[in-house]
Every structure is written in structure tokens, then in C-alpha cells.
Amino acid sequence: MTRYIAPLREMQFVIHELVGLQRTACRTSNGNLCAETVDMLLDEAARFTQEVIAPLNATGDRDGAHWVNGNVTTPPGFKHAYQRYVENGWNALRCDPQYGGHGIGHLAAIAVEEMLASANLSFALIQALNMGAVEALQLSASTPIKDRFLAELVAGKWTGTMNLTEPQAGSDLGAIRTRAIAEGEHFRLYGQKCFITYGEHDLAENILHLVLARTPDAPKGTRGLSLFLVPKYLVNDDGSLGDRNDVCCISIEHKLGIHACPTATLSFGDNQGAIGYLIGDLNAGLRYMFIMMNLSRLNSALQGPALGERAYQQALDYARTRAQGSNSAGHPVAIIQHADVKRMLLMMTSQVEAMRALVYCTAERLDIATRIGDEEGEQQLRRAELLTPVAKGWCTEVGQEVVSLGVQVHGGVGYIEETGAAQHLRDMRIASIYEGTTGIQASDLLLRKVVSDRGAMLMTLLTEMHDAVDSLADKGSPTGGTIALALRAAIVQFSSSVDHLLGQERGVQSALAVPFLMQFGYLCGGWMMVRSASIACENTTSGTAFEPFYAAKLRTALFYTEHVLPKAAAYASTVNSSARCVLDFEPGLD
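Dropping the structure here:
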């Protein structure tokens, strides 16, 4: 497997130029987060992920996690790497300084998290769960709960999990049966949860399980779910660890990918009942859990560009060194000289760039929303909530295409495990399933974010896209003009799709939700490319050492416009067709 090299220049371009870190810092009173500080942070993260985390990726995939009598061991090297990870403070980047965090915000932290996921997705997943747990507790828990648990969670000495799924309750959370019985100042929990990422492991001293359960007199369905914190080890008043709680890992899954990440089935209350602490109000658990879920969804979206980048680097390296065929002079040539290989590599890198920019842009909106708290903050929060299901759904679907192309570039050897290309494909496959499938993201986008306000928030985003198109068109670049013209047409076509779906019944909307999400995703990718091209047009004649970088940016944006953006039109054709054949489908009854 090719050595991972963090794409620092690409990340810096998005953070500093496309998104504009300094503009965000000024608007969020986070002025100490200057470009130099962020670049130093990214440099250190690159060294750490390249030298410590990435070398464990292939071995972790090969060795996997192991369960024996309720205990789980991670692959060799993981525990030491995690210790170095928390000792260096990487776990605390996003977190509130009040609890020992660094408070750098979502935008800068997400670049570090991309490096982690590229280097070793199995390792990176523990960070994603930790940050979701921290966020949920900070926003929802009582002060005594925060004081008792948050500092150790922020420090990485303890880790967090998210416990929703049960054998009979996957996407239908209203079917959850785990019970919570009040007992003094705490509750006793009884039930079973499955598919729990890092539900049991040997990396940290304690594990804090955030569990959805229902009390005996709770309303039926999701309205009756409450959120509880259930520690693996109880915590004494002085902060030391006490007795083992009544929660145990009864198995871990044997999965297609992410082998080094233990996916556990947990049993609560096999004996006297697992002690848990109510988070927030009774019957409001799903609302609190969605705080954690939304961050996890953005992290899942990040896996598209992260694994896509890793697959691209490996495919590019192979294409440069694999000789096949000859030139007109009869000399052997590397396969990168073949037009179709060039096309595949451009399909990979253009979509990686578009995905990265979209995820980082969404993270920026979260920073503004969480730090300024006024009307603009509320507006940006709604914008982030609109973009999150698009980013999660589209990036994870496109990420699968990109890593599959990585295998294709390798030809036959890509299908051989020892090459390493197949691991990216296996690891990437889960991303469009966990934290809500693409279908769930699409329903959330269309029914909750678009139909609910008759497309009002969406129209403000399309106005922003039009402004970006106008800005590029004004640059006077022929290439930029071609890109701007194509995106303007795609925006008009998407607006027509929105109008069409708003006039349909709910069943039709549900049947067409995924094609709608994909059309929107390719449009958002084009929007990112327009912004990239606009910056490139300003710098391609600068005479600086970076001029070739910006020239490449313009070429990549043009390729996306001509080879990728047309997919939006194909999805538009589906969105504007009848869904009758879907709704009338009854397999086996014809």
C-alpha cells in the first residue's frame, strides 16, 4: 500500500481561500485562530497521521479486533498510538476550553479529522464518537453530569459511544425496547444494543455509553425515548473509577471492512440492571441524540474525500510506475499516459476536491452558528442543517465511486488484497449505511428541510450559488465563463426539480428523494468548483511559484463541469419523471 501523504496544500486552499478562515474567525470572535496557527496545526497533524496512524492501517485490517469472554483487544499498535494521540491533545481540538479542550472550532478540526480518516479509518472512528458524545453532553447534560464526566472524555482518557440500534429497531427507532427504571437519583437499564462502534475496547480506562431507552410510562414511538449515560465503570465522587457496571459486550461483528474497529453487541442489565444517568428531560432523548448524530453524519461525509484521497494517491502512484504499451517511438510508457487512465484519475481527484470543499464549507457554517448566536447564527445553523444530509448522502455515495475507480486504475492487481486498493473499497462501503442510510438522508433533506418551508431556505442557498457564478463570469476568463455557464444552467434545472417535487404527494416525494439528493449533491459540487475556479482565475497570472497550482485548479474545475456535473441533469430527468412505477411495485405479485 502506498504511503499516505496528507494533502496539505489542498486543505490550506479550501480553509484559507475557498472558505476563508480569517473571515470566519472575525465573525466568530475566534481571532486567535490565525492562518499561521492553523498551518502549524496541520503540519503537526500530517506528521502524526503519516508516521504513527497510517502504518497501522493495513496491519489493522489484516489482524482485526478480537473478542474473548466479553473483552475486546484492538490490533497490535493501536493502544500505543491512541495513547500518543491523547497525550498530544488531538482528541480535544474542537472541545470547550472549560473542560480542557482547545476550542479551535469545526473548520480547522475537520481537516485534522480528514487526515485521520485517510490514514486509518478504523482508528479515526473513535474520535468521531468521542466528539459526538462531548457535544451532546455539553449541550444537554446537567452541570453535575458535565463536571463528573466531560473533562476525562475531552482528554481522551474515557471514550464515548452512541447506542441506538437494537435487533428489531434499525432505522425505526420507535421500536426501541430498552427499558429504564428509576431508582433514586439514577436509573437501571435493561436491554440490548447492536452495531455499537467501539462499544468495547482496550484503548481507554472507561467507556461512556449514551443510550436511548424508554421509561415504563413513556409514550409509544420516538416521543417516548429518553437519553441516558451508562458508564462501563461507575465513577466515584472523587472522580476515581469504581465498580464495573452491569453492561457487557456479548460479541463483535465480522464485517466487510473497518476490521480494526470493534463493532459490538452490548447487553445492559443481565444482573441487577445497568446504572444510568438521565441526560436532559424525559422523553426528549432523540432530540439530544441528534446533536451527536448530526456531527457523526458530517464525519461520515468526510470519509468520502478522506478515503477518496487515499485511493487517489495510491492509484496515481501505480499509474506512474506501471508500464504498459508503448509510444509512437516504440518505447514503453507508464499507464498514466493512456487517455482513459487520465480520465479515471481526473474523475477521482475532481470529485475528491468537490467533496472536501462541501464538507469544509458545512463545518464553517457550524462554526458561525455556534459562536455568534444572533439572527445570522441561526441562519447559518439552518444552512448547515440543510447541507449536512446532502454532504453525508452525496459524499458517501461518490466516495464509493472514487475508491472503486482506484481499484480500476490498478487493473487486475487492484482486485488482489495485497495491493491494498481493495481495503479502501471495503472500508468505504459502510459510510453510506451508518449514521443514517442515503435514503434516510434524502428523506431528511427533502421532507424536513425543503418541503417543510416550501423551499425557502433552499432558495437562499441557490441565490448564493448564483452570486458565485456571477463572480466567476466577471473574471473575464474563457474557461471560467464555460464553467459559470454550465453551473447557471444546472441551478435553473435544479430549481425546476424543486418546484416539481413541491407539487407532488408525499409518496412520490419519498420515491424520488434519493435522485433529488444526488442531483443536489452534484450541483453543490459544481458550486464548490465555481468558487475554486474563481480563485484560480485571480492567481493564474500572478507570476508566483503557486501559479501552476491555480492553473491545475482551473483545469480540474473544467473537468468537473464537463464530465461530472452532467450527472445532475441525468438525476433531474428521474426527479421530474413519474414515480408511479416505484409506488406500484409489488415484487412477486405480478
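According to the UniProt record's numbering, the residues represented by the sequence shown are 1 to 590, in order.
All residues carry an ideal CB built from backbone N, CA and C; glycine is no exception.
For the options Thr-370, Gln-314, Pro-55, Tyr-360, the alpha carbon positioned closest to that of Met-344 is the one of Gln-314. Beta-bridge partners of Gly-406 (DSSP): none assigned.
Note: Ala-169 is bridge-paired with Glu-166 in the DSSP secondary-structure output. Scanning the region 200 to 287 from its first residue to its last, the whole beta strand (DSSP E) runs of 3-plus residues come out as 206 to 213, 226 to 231, 233 to 235, 241 to 244, 247 to 252, 263 to 268, 274 to 279.
Taking C-alpha positions only, Glu-87 is separated from Ala-180 by approximately 36 Å. With a cut-off of 8 Å on Cβ pairs, the region 93 to 102 is not in contact with the region 51 to 66, counting fewer than three such pairs.
Distances from the CA of Lys-475 to each of Ile-535, Glu-378, Thr-49 were compared; the closest alpha carbon is that of Ile-535.
It is roughly 28 Å from the alpha-carbon of Val-498 to the alpha-carbon of Glu-586. Taking a contact as a CB-CB distance under 8 Å, the pair Gly-276 and Phe-187 counts as one, their CB atoms being some 5 Å apart.
The three-state reading of DSSP puts Ile-110 in helix, counting H, G and I together.
Non-local beta-carbon contacts of Val-403 in its own chain, meaning distances under 7 Å to residues more than five positions away in sequence, involve Leu-307, Gly-308, Ala-311, His-424, Leu-425, Met-428 in chain order. Comparing C-alpha distances from Phe-13 to each of Arg-580, Ala-579, Met-529 shows the shortest one belongs to Met-529.
Setting aside the 5 residues that flank it on each side, Ser-326 is surrounded in the same chain by Pro-332, Val-333, each with a C-beta closer than 8 Å to its C-beta; the list follows chain order.
One Cα belongs to Ile-291, the other to Asn-206, and the distance between them is close to 22 Å. In the DSSP secondary-structure assignment, Gly-191 is bridged to Phe-268. For the pair Asn-91 and Gly-156, the CB atoms are nearer than the 8 Å cut-off. Straight across, the Cα-Cα distance linking Thr-222 with Glu-378 is about 26 Å. If you draw a straight line from the Cα of Val-38 to the Cα of Glu-364, it is about 14 Å long. Boundaries for Pro-97: no beta strand (DSSP E) harbours it, and the DSSP string shows neither H nor E there. Distance check between Glu-185 and each of Ser-142, Asp-172, His-209, Gly-89 places Ser-142 closest, using alpha-carbon atoms only.
The three-state reading of DSSP puts Gly-525 in helix, counting H, G and I together.
Non-local C-beta neighbours of Ala-513 in its own chain, meaning closer than 6 Å and more than five positions away in sequence, comprise Ala-442, Ser-443, Leu-446, ordered along the chain. For the pair Ala-284 and Lys-220, the Cα-to-Cα distance works out to about 13 Å.
With a minimum length of 3 residues, the unbroken runs of beta strand (DSSP E) contained wholly in the region 14 to 71 fall at 66 to 68.
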